[in-house]
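**Student:**
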Amino acid sequence: MLIFIYANNKQRSKQIKQLCAQIFEYSVYFEDFNFQNIENNILIIDNEDSQNFVGITFKNLNNVYLYGQNQIFSIIKDDEKLFLLRNQYIIEKHWDAAKKINDIILNSDFLVRRTKPIGFPDYFQIETTNKCNAECIMCSHYYTRNDNSSHLSDGIIERIYRMLPYIKIVALNGRGEPFINPYISSQIKKFSKFGAKITCNTNLSILNDNLISLICKHFSSVQLSCDAATKETYELIRKNLSFDTFLKNLSLLHEKSPNVDKNFATVIMRQNIRELPDIVELAGRTGIKIVSFLNINTDIIINNKHDSMLNYPNVLQYYLDKAKKNGEKVGIKIIAPSYNELLVKTEFNREAKLMNLRPMSKLDNDIKQMLIASKKIIPYIFKNYFVIEEPKKSNIKCKGICDWLLR
Numbered sequence: 572m573l574i575f576i577y578a579n580n581k582q583r584s585k586q587i588k589q590l591c592a593q594i595f596e597y598s599v600y601f602e603d604f605n606f607q608n609i610e611n612n613i614l615i616i617d618n619e620d621s622q623n624f625v626g627i628t629f630k631n632l633n634n635v636y637l638y639g640q641n642q643i644f645s646i647i648k649d650d651e652k653l654f655l656l657r658n659q660y661i662i663e664k665h666w667d668a669a670k671k672i673n674d675i676i677l678n679s680d681f682l683v684r685r686t687k688p689i690g691f692p693d694y695f696q697i698e699t700t701n702k703c704n705a706e707c708i709m710c711s712h713y714y715t716r717n718d719n720s721s722h723l724s725d726g727i728i729e730r731i732y733r734m735l736p737y738i739k740i741v742a743l744n745g746r747g748e749p750f751i752n753p754y755i756s757s758q759i760k761k762f763s764k765f766g767a768k769i770t771c772n773t774n775l776s777i778l779n780d781n782l783i784s785l786i787c788k789h790f791s792s793v794q795l796s797c798d799a800a801t802k803e804t805y806e807l808i809r810k811n812l813s814f815d816t817f818l819k820n821l822s823l824l825h826e827k828s829p830n831v832d833k834n835f836a837t838v839i840m841r842q843n844i845r846e847l848p849d850i851v852e853l854a855g856r857t858g859i860k861i862v863s864f865l866n867i868n869t870d871i872i873i874n875n876k877h878d879s880m881l882n883y884p885n886v887l888q889y890y891l892d893k894a895k896k897n898g899e900k901v902g903i904k905i906i907a908p909s910y911n912e913l914l915v916k917t918e919f920n921r922e923a924k925l926m927n928l929r930p931m932s933k934l935d936n937d938i939k940q941m942l943i944a945s946k947k948i949i950p951y952i953f954k955n956y957f958v959i960e961e962p963k964k965s966n967i968k969c970k971g972i973c974d975w976l977l978r
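Yeah, the sequence shown ends on 978 if you go by the numbering used here, and it's all consecutive.
1) Please list, in chain order, all residues of the same chain as Leu656 whose beta carbon is under 6 Å from its beta carbon, the five residues on each side excluded.
2) Within the continuous beta strand (DSSP E) that includes Val635, where are the two ends?
3) Along the chain, where does the alpha helix (DSSP H) containing Gln582 start, and where does it finish?
4) Check this for me: beta carbons of Arg733 and His712, under 9 Å apart or not?
5) Between Asn866 and Leu853, is the Cβ-Cβ spacing less than 9 Å?
6) In the structure shown, what three-state DSSP assignment does Asp649 receive?
7) Are Arg841 and Tyr883 touching if we call contact CB-CB under 9 Å?
8) Which residue's Cα is closest to the Cα of Val831: Ile627, Ile783, Asn633, Phe790?
9) DSSP has Tyr577 in a bridge; who is on the other side?
10) Relative to the C-alpha of Tyr889, which candidate in Leu847, Pro950, Phe595, Lys900 has its C-alpha closest?
11) In whole angstroms, what separates the C-alpha of Asn874 from that of Arg921?
12) Are the CB atoms of Ser796 and Thr773 nearer to each other than 9 Å?
13) I'd like to know if the stretch 725 to 732 and the stretch 675 to 687 are in contact, where contact means that at least 3 CB-CB pairs between them fall below 8 Å.
14) Taking the alpha-carbon positions, what's the Gln794 to Phe835 distance?
15) Could you compute how far the alpha carbon of Ile859 sits from the alpha carbon of Ala592?
16) Is it buried or exposed, Gln659, if we count other Cβ atoms within 10 angstroms and call 16 or more buried?
17) So what does DSSP say about Asp603, is it helix, strand or coil?
18) Which two residues bound the contiguous alpha helix (DSSP H) that contains Asp674?
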């Protein structure tokens with residue numbers, strides 16, 4: 572009999588072979604799996620590599636196994652065994668082992684393509700507050716100004732508490748600034764009680780010794796909103812915030828939490844396009860690993876379509892190229908949408924002049940009109956936006972189950 576092994580790690584492949592010698596009484600022959608038909612033979616997949624099987628269909632699921640926790644599990648016959656093992660680890664408070672068993676269950680869901688998963692999700696995103704201390708010119712907080720906003724209550728956390736032992740990552744993301752929540756310290760401790768790692772998006776306007784201690788102890792990464800490399804542009808975009816405070820806290824975070832991954836998230840717009848290369852240089856000086864450039868989502872109430880750099884593709888490409896070159900120099904990964912298809916035969920100078928036809932910030936009267944419009948439009952949107960329709964069959968062809976939804 573042939574046993575196909577799919578394991579990118581040589582040491583783990585060796586462990587699988589040793590384990591097979593104990594499990595199977597008859598003679599077996601091993602081959603590396605290269606996505607050929609296994610027919611009536613056996614396939615053992617290293618659990619750590621199972622996500623490489625996107626779109627792969629197995630004709631005989633009975634012969635497919637996952638290797639993890641130094642054991643081999645059938646993806647369809649060992650459900651009860653996995654449940655019992657996971658529950659045993661939970662009872663014994665072996666949180667890391669329980670998460671690893673749950674991961675094997677999730678990957679069996681993925682490979683079998685179960686329509687009703689039997690594993691617990693292991694990625695948890697929750698909004699700790701929808702309040703923000705900024706009124707950024709591209710954000711709805713510019714006109715909602717924290718109307719009807721609130722902080723996450725402990726009652727909500729209690730309702731999802733039984734899920735937390737299985738969670739690997741808790742993302743404190745939403746529309747608010749997580750660190751202004753007065754209960755954030757106690758909530759971070761609750762989320763990380765069972766060994767989950769924390770991540771969040773923050774404007775870094777608030778940082779103190781207690782937060783730094785929690786970040787060093789419980790966080791795997793922090794995404795920092797940085798839309799400028801100069802005080803003038805930063806405070807033009809991120810109203811109510813201080814560029815000097817951002818730089819001070821950035822330096823402090825770089826110094827005190829060297830083992831936590833720190834990334835920049837930059838919204839590309841007309842106001843900051845010339846500073847993209849300088850943002851990358853700033854990232855290089857402060858321990859940032861990745862800079863993600865994101866296109867602005869224009870807003871009907873802010874009326875800022877003219878701020879989108881999709882209107883100025885040649886200018887956009889010019890500064891993105893410079894930013895990417897700076898990234899190569901300082902060893903930082905740059906993530907940016909591809910804009911090549913947007914290039915048209917226009918002159919760079921003409922686009923640059925077009926960008927400057929409007930003021931970079933709204934005049935006082937414009938802001939008043941925006942606030943008046945928001946009071947009328949927002950209730951209308953809430954009342955009329957969600958139209959109930961019968962689902963329609965899509966023409967999009969899909970294979971397998973979406974691992975993001977699964978997890």
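Note that the Cβ used here is the ideal one computed from N, Cα and C, for glycine as well.
**Tutor:** If we stick to the structure as given:
1) Ile672
2) 635 to 639
3) 581 to 594
4) no
5) no
6) coil
7) yes
8) Phe790
9) Ile616
10) Leu847
11) Note on geometry: alpha-carbon atoms of Asn874 and Arg921 lie some 23 Å from one another.
12) yes
13) no
14) 6 Å
15) Taking the straight line joining both Cα atoms gives about 47 Å.
16) exposed
17) strand
18) Element bounds for Asp674: 666 to 683.
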